[in-house]
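A.B. asks: When you read off a place in the sequence shown, starting at 1, and then add 952, the result is the number in the working numbering.
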Amino acid sequence: MKKLDIRSLVFLAILAAWGIVLRQFDFPILPAAPFLKVDLSDLTALIALIVHGPVGLVIVALIRDSLNYVLKGGEVGIPIGAIMSFVATVAMFLPAHIALKYMKQGHKWFKYAFMSIGLILLLTVSMALINYYVALPLYIKVLNFPIDNILAYVMTLIVPFNLIKGLILAGLQIITFRTVMPFIQKRDLLFGDYQGHIQKRSAKKLAVQP
953 MKKLDIRSLV
963 FLAILAAWGI
973 VLRQFDFPIL
983 PAAPFLKVDL
993 SDLTALIALI
1003 VHGPVGLVIV
1013 ALIRDSLNYV
1023 LKGGEVGIPI
1033 GAIMSFVATV
1043 AMFLPAHIAL
1053 KYMKQGHKWF
1063 KYAFMSIGLI
1073 LLLTVSMALI
1083 NYYVALPLYI
1093 KVLNFPIDNI
1103 LAYVMTLIVP
1113 FNLIKGLILA
1123 GLQIITFRTV
1133 MPFIQKRDLL
1143 FGDYQGHIQK
1153 RSAKKLAVQP
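1) Should Thr1131 be labelled buried (16 or more other beta-carbon atoms within 10 Å of its own) or exposed?
2) Alpha helix (DSSP H) containing Phe1129: first to last residue?
3) Let me know the secondary structure DSSP gives Pro1089 once reduced to three states.
4) CB Ala1040 to CB Asp994, shorter than 9 Å?
5) Would you tell me roughly how many angstroms separate the C-alpha atoms of Arg1153 and His1059, rounded to the nearest one?
6) Grouping DSSP H, G and I as helix and E and B as strand, with all else coil, what is Lys1152?
7) Check Pro980 in the structure and name its three-state DSSP category.
8) According to DSSP, simplified to helix, strand and coil, what is Lys1063?
9) Compare the beta carbon distance of Gln1002 and Ile1092 with 9 Å and say whether it is the shorter of the two.
10) Assuming contact is defined by CB atoms lying nearer than 9 Å, are Asp1140 and Gly1005 in contact in what I supplied?
11) Could you pull out every residue in the same chain whose Cβ sits closer than 8 Å to the Cβ of Ile1150, ignoring the five residues on either side in sequence?
12) Under DSSP, the alpha helix (DSSP H) around Tyr1054 begins and ends at which residues?
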């Protein structure tokens, strides 16, 4: 398991910086809620997970959301948006951590399916709960949001938005694994707890070579 030395921290800081840059290029996906937008900054946190495990994921997401709050502030003077973003990122990539650490056997597409379905479900459920119990009541009280029925708002806007967002990020997660993982493996950068499956596959390849 790699330790977080200065070089590792610099690498994570660079990923977080790229996350902030990517966050500026957000776009709406739900016509009924153009203020709900998707960006690709979560992919930098995914790379941090692959290289430095859950700690790397948390560090990159925390730096990205903290600096984004410092630069842009919050709607009600508190970092509710930053907190929601952090929770969403950590929640959606938890299945990837589980697959990489505990599902070292089996076909890769089964793991991709597990990670994708888990990402969509955890993202949607976590954001629905936070919006229902924390964010929307706060926005209604402080900003006088014209929402009469919080549950209906969550089910008709928040849930559909995060389902679509989850589908997009699940697809990009697979693309990231298929494009970035070979480079990470070649340079021996894969997080220690995730290396068992790779080593077994390499051993099998060597065994069949003449």
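Just so it is clear, CB atoms sit at the ideal spot from N, CA and C, and this is done for glycine as well. None of these values were measured; they are calculated from a predicted model.
C.D. replies: In short, the structure shows the following:
1) The count along the sequence shown starts at 1 and reaches residue 1131 at position 179. Exposed.
2) Working through the sequence shown from its first residue, we reach residue 1129 at position 177. Phe1129 -> alpha helix (DSSP H) spans Val1111 to Lys1138.
3) Mapped onto the sequence shown, residue 1089 falls at position 137. It is helical.
4) Reading the sequence shown from its first residue, position 88 is the one you call residue 1040. Reading the sequence shown from its first residue, position 42 is the one you call residue 994. Taking 9 Å as the Cβ cut-off, Ala1040 and Asp994 qualify as a contacting pair.
5) For the purposes of this step, residue 1153 is taken as the residue at position 201 of the sequence shown. For the purposes of this step, residue 1059 is taken as the residue at position 107 of the sequence shown. Low confidence applies here, because Arg1153 scores a pLDDT of 46, under 50, leaving its location unreliable; read the following figure in that light. If you take the alpha carbons of Arg1153 and His1059, they lie about 11 Å apart.
6) Against the sequence shown, residue 1152 aligns to sequence position 200. Bear in mind that the predicted position of Lys1152 carries a pLDDT of just 46, short of 50, making it unreliable; the figure below should be weighed with that in mind. DSSP places Lys1152 in helix when its eight states are reduced to three.
7) The residue given as residue 980 occupies position 28 in the sequence shown. Residue state, collapsed to three classes: strand.
8) Reading the sequence shown from its first residue, position 111 is the one you call residue 1063. Three-state result, Lys1063: helix.
9) Within the sequence shown, numbered from 1, the residue matching residue 1002 stands at position 50. Within the sequence shown, numbered from 1, the residue matching residue 1092 stands at position 140. For the record, residue 1002 in the displayed sequence is Ile; it is not Gln. Cβ distance not < 9 Å, so Ile1002 and Ile1092 don't count as in contact.
10) Here the question's residue 1140 lines up with position 188 in the sequence shown. Here the question's residue 1005 lines up with position 53 in the sequence shown. The Cβ atoms of Asp1140 and Gly1005 lie no closer than 9 Å to each other.
11) If you number the sequence shown from 1, residue 1150 lands on position 198. Any reading at Ile1150 needs caution, since the residue's pLDDT is 46, under 50, leaving its predicted position unreliable; the model's value is listed next. Close CB contacts of Ile1150 within its chain, under the 8 Å cut and outside five residues either way in sequence, are with Gln1137 and Leu1142 (chain order).
12) One-based indexing of the sequence shown puts residue 1054 at position 102. Per DSSP, Tyr1054 belongs to the alpha helix (DSSP H) from Leu1046 to Tyr1054.
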